[in-house]
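Using our numbering, the first residue of the sequence shown is number -9, and each one after it goes up by one.
Each residue gets a CB set at the ideal place from its N, CA and C atoms; glycine is no exception.
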Amino acid sequence: MTDFGAQARAWLNDVVVASLEAAKADVAGEISVDIDTAPRLDQASTPSIRFKIYRKQGPQKKIRRTFTVSVQVSGGVSVSARGIVAKDVGNIGDRSDERFRNLVAELIEDAAKGT
C-alpha cells in the first residue's frame, strides 16, 4: 500500500496541477493563474498546493485571491480561501478531475467579473 503523503502528492500533481495548467493555457489572454507548488512546512501532515486567479488587465483593481487545495488524512480534498467557505472537490481515491475543474471554471468566471 502506498503511503498517504505520496498518494496525496500524486493526486495533487495529477489532478490539481494538470487542471490548473490546462485552465492557465485556456484563459492566458485575460486571466492569470499562478500555481505555487513549492513544499510548505505543514505539508507533511496535510499536503497542499496554493494557486492564485486574477484578472490581468482592465480598469478595475486587480483582485488576487489565493486558494489552497488541501488533502485531509481521510483522503478528502477541499479548496479554501480567505473569506469563503471551503469547498469539497473529491477524494484522492477518485482519479477524476471533473469536480476540481468545475470549481476552477467558477473561480475564473468570478475573476473575469472582477468579484
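N- and C-terminal bounds of the alpha helix (DSSP H) containing residue i
i, result
"V94", "88 to 103"
"G19", "Careful: G19 lies outside any alpha helix (DSSP H) and carries neither H nor E."
"R132", "Given that the chain is displayed from residue -9 to residue 105, the structure contains no residue 132 and the question cannot be resolved."
Boundaries (first-last residue) of the beta strand (DSSP E) holding residue i
i, result
"R120", "What the structure shows of the chain is the stretch from -9 to 105, and residue 120 is not part of that stretch, so it cannot be assessed."
Beta-carbon gap between residue i and residue j smaller than 7 Å
i, j, result
"T56", "K42", "yes"
"S60", "S38", "yes"
"G83", "G66", "no"
"S9", "F90", "yes"
"D107", "S70", "The question about residue 107 has no answer, for the chain in this structure spans -9 to 105."
Secondary structure of residue i, DSSP reduced to three states
i, result
"S9", "helix"
"D4", "helix"
8 Å contact criterion, which residue i and residue j should meet: CB distance rounded
i, j, result
"R45", "A102", "7 Å"
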